[in-house]
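Only one structure is covered here, and it is reproduced in the block below.
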Amino acid sequence: MSHRDVVFPAGRQALYESNRYSPAIRSNGFLFVSGQVGSREDGSPEPDFETQVRRAFDNLNAVLAAAGCTFDDVIDVTVFLVDPETNFEKAWAIVPEYWGQAPHPTLTPAAHCASRVQGLPASGRHYPRTLA
Numbered sequence: 188m189s190h191r192d193v194v195f196p197a198g199r200q201a202l203y204e205s206n207r208y209s210p211a212i213r214s215n216g217f218l219f220v221s222g223q224v225g226s227r228e229d230g231s232p233e234p235d236f237e238t239q240v241r242r243a244f245d246n247l248n249a250v251l252a253a254a255g256c257t258f259d260d261v262i263d264v265t266v267f268l269v270d271p272e273t274n275f276e277k278a279w280a281i282v283p284e285y286w287g288q289a290p291h292p293t294l295t296p297a298a299h300c301a302s303r304v305q306g307l308p309a310s311g312r313h314y315p316r317t318l319a
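So the mapping is simple: this note's numbering equals the position in the sequence shown, first residue as 1, plus 187.
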């Protein structure tokens, strides 16, 4: 069996423990990162969509940094969007601030189902999930 190492970003361990999941697991040279919502430091929802997208990527970068990685190490991203017809272009305008230079990671954009997917926070409208 492989060794699994939990990675916590600074200052948010209690938030993850209270929600009973790990922000990232390092195993066999890979880093499996949970989807990151654009929540505030205390875990409360960010109401402004563009700020929420930036916070989601900031939260993602904090997890990556805690693992000794950067976004340059990311090889795959799945982005869940609520109301993609309204929000995709807004989110996509922010992505270059975080993705850096090519080659870019692979991407799977996924719309959030009309009936909530169990386990995704209702307050979030943008959830990047990555593999590094």
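Quick reminder that beta carbons are idealized off the backbone N, C-alpha and C, glycines included.
All of these numbers come straight from a predicted model, not from anything done at the bench.
Going by DSSP, which residues form a beta bridge with residue i?
{"i": "THR238", "result": "The partner list for THR238 (beta bridge, DSSP) is empty, contrary to what the question assumes."}
{"i": "ARG213", "result": "ASP192 and LEU218"}
{"i": "TYR296", "result": "It is Pro, not Tyr, that sits at residue 296 in the sequence shown. The partner list for PRO296 (beta bridge, DSSP) reads VAL266."}
Look up residue i in the DSSP assignment and say whether it is helix, strand or coil.
{"i": "ALA289", "result": "coil"}
{"i": "ALA243", "result": "helix"}
{"i": "ALA201", "result": "helix"}
{"i": "VAL250", "result": "helix"}
Next on the checklist: List, from N- to C-terminal side, the beta strand (DSSP E) runs of 3 residues or more that fit wholly inside the segment 256-288.
Outcome noted: For secondary structure counted as the beta strand (DSSP E) over 3 or more consecutive residues, the segment 256-288 holds these complete runs in sequence order: 263-268.
Checklist entry - Counting Cβ pairs closer than 8 Å, one from the segment 248-268 and one from the segment 214-221, do we hit at least three? => result yes
Checklist entry - Is the segment 189-201 touching the segment 235-242 in the sense that three or more CB pairs, one from each, lie closer than 8 Å? => result no
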